[in-house]
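Quick notes on the structure that follows.
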Amino acid sequence: MKAAKAAISILPAEWSREKRSAVSIAIAIAGLFLFLWLMALPLSWMPEPIGSNAEQFAEGAKTTILLTLVSGFIGIILGVLAALAKLSRFAPLRLLSAFYIWVIRGTPLLVQVLFVFLALPAMVPGLQLSDFNSAVVALAFNAGAYNAEAIRSGILAVHKGQTEAARSLGLTPFMTFRDVVFPQAFRVALPPLVNNFVSLLKDSSLAYVIGVVELSNIGNRIQSATFQPIPVFVTTACIYLVLTTVLTQISGAIERQLDVERHQ
16 MKAAKAAISI LPAEWSREKR SAVSIAIAIA GLFLFLWLMA LPLSWMPEPI
66 GSNAEQFAEG AKTTILLTLV SGFIGIILGV LAALAKLSRF APLRLLSAFY
116 IWVIRGTPLL VQVLFVFLAL PAMVPGLQLS DFNSAVVALA FNAGAYNAEA
166 IRSGILAVHK GQTEAARSLG LTPFMTFRDV VFPQAFRVAL PPLVNNFVSL
216 LKDSSLAYVI GVVELSNIGN RIQSATFQPI PVFVTTACIY LVLTTVLTQI
266 SGAIERQLDV ERHQ
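In our numbering, the protein residues as written are 16 to 279.
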């Protein structure tokens, strides 16, 4: 977060905070894609066993990012639906949402990944998911349970008077939620949602247990073939560190863009 603020401080002072945040987001996103595109080049200059496997590390990092983005997007949608269901006046919906959140938050993510990949096809004959899609489903449902509580708290933080005022102006319940309640709730929920997203990037490493060729899987394969765990896992950890740092900078700029922090 401090690095993101420092990056913003070097932009022209006459620019508004929103404009500087937007530029910071664009720079961070461009930096992420540039890193993924060019990371194999500096890795190829490193000694063995890293140099000869630079392309594998790069492909693993791309798969990790793709897995995180897809499951994170679905997780936000599931989180919104679960939060609304838990706040519903319809008791069965509240119970179903509470049960979903209770089960997901009370069981290890590793078990959930294995369940989707191994047990779900046995429970639903004809359902065959690839290793990548199985990981997406498991990670999305896991993230959705944690996002649901963050979004629910955000919705409850919006004063009821604003809802009543919107309804008195003739807005429908859907329009009131869409235009009045949800934008404010999302701003309140954004910091924990950001933390969940960054955690999701790290949790995606568990996808290696079902054969997804992501960054952790690549690292494990290379160290098994070379018997040199120290350079391999140090390199893997450094790549994860860069990815989480860039995502944190992007999320920090988004928070300022949405005026979450309420200060310069």
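Every residue, glycine too, gets a C-beta built ideally from N, C-alpha and C.
Any 3 or more C-beta pairs closer than 8 Å across the region 60-72 and the region 234-251: Touching, yes.
Sub-8 Å separation of Leu82 and Ser183 beta-carbons: no
Three-pair Cβ contact test at 8 Å for the region 124-136 versus the region 224-232: yes
Contacting residues, own chain, Cβ-Cβ under 6 Å from Val209 (five flanking each side not counted): Ser266
Span of the alpha helix (DSSP H) around Asn232: Leu230 to Thr241
Ala181 versus Val195: straight-line alpha-carbon distance, rounded: Approximately 7 Å, taken between the alpha carbons.
Helix, strand or coil at Ile245 [DSSP, three-state]: helix
Boundaries of the alpha helix (DSSP H) in which Tyr115 is found, first to last residue: Ala106 to Gly121
Simplified DSSP state of Ser145, which is helix, strand or coil: coil
Proximity winner among Leu186, Ala165, Thr191 and Asn232, relative to Arg202 (alpha-carbon distances): Ala165
Limits of the alpha helix (DSSP H) - the one that Pro64 falls within: Element bounds for Pro64: n/a, residue is neither H nor E.
Under 8 Å between C-beta atoms of Ser149 and Phe132: Yes, these two residues count as a Cβ contact at 8 Å.
Three-state secondary structure assigned by DSSP to Trp52: helix
Contact under 8 Å by Cβ, Ala97 with Gly159: yes
The region 72-92 contacting the region 150-157, beta-carbon criterion three pairs below 8 Å: yes
Range covered by the alpha helix (DSSP H) that runs through Arg182: Lys175 to Ser183
Thr78 classed as buried or exposed, judged by whether at least 16 other C-beta atoms fall within 10 angstroms: Buried, since its Cβ has 16 or more Cβ neighbours within 10 Å.
Host alpha helix (DSSP H) of Leu208 (start-end): Phe197 to Asp218
With 16 other Cβ atoms within 10 Å as the buried cut-off, status of Leu171: exposed
Counted within 10 angstroms of its Cβ, other Cβ atoms place Glu284 as buried (16 or more) or exposed: Outside the displayed span of the chain (16 to 279) sits residue 284, for which this structure offers no information.
Alpha helix (DSSP H) segment containing Leu125, residue limits: Following the DSSP letters along the chain, one finds Leu125 inside the alpha helix (DSSP H) bounded by residues Leu124 to Leu129.
DSSP three-state assignment for Gly87, whether helix, strand or coil: The answer is helix: DSSP assigns Gly87 an H, G or I state.
Where Thr101 falls, given that 16 or more other Cβ within 10 Å makes a residue buried: A small correction: the amino acid at residue 101 is Lys; Thr does not occupy that position in the sequence shown. That one is buried.
Endpoints, alpha helix (DSSP H) assigned at Ala137: Its alpha helix (DSSP H) spans residues Leu135 to Met138.
Glu179 classed as buried or exposed, judged by whether at least 16 other C-beta atoms fall within 10 angstroms: exposed
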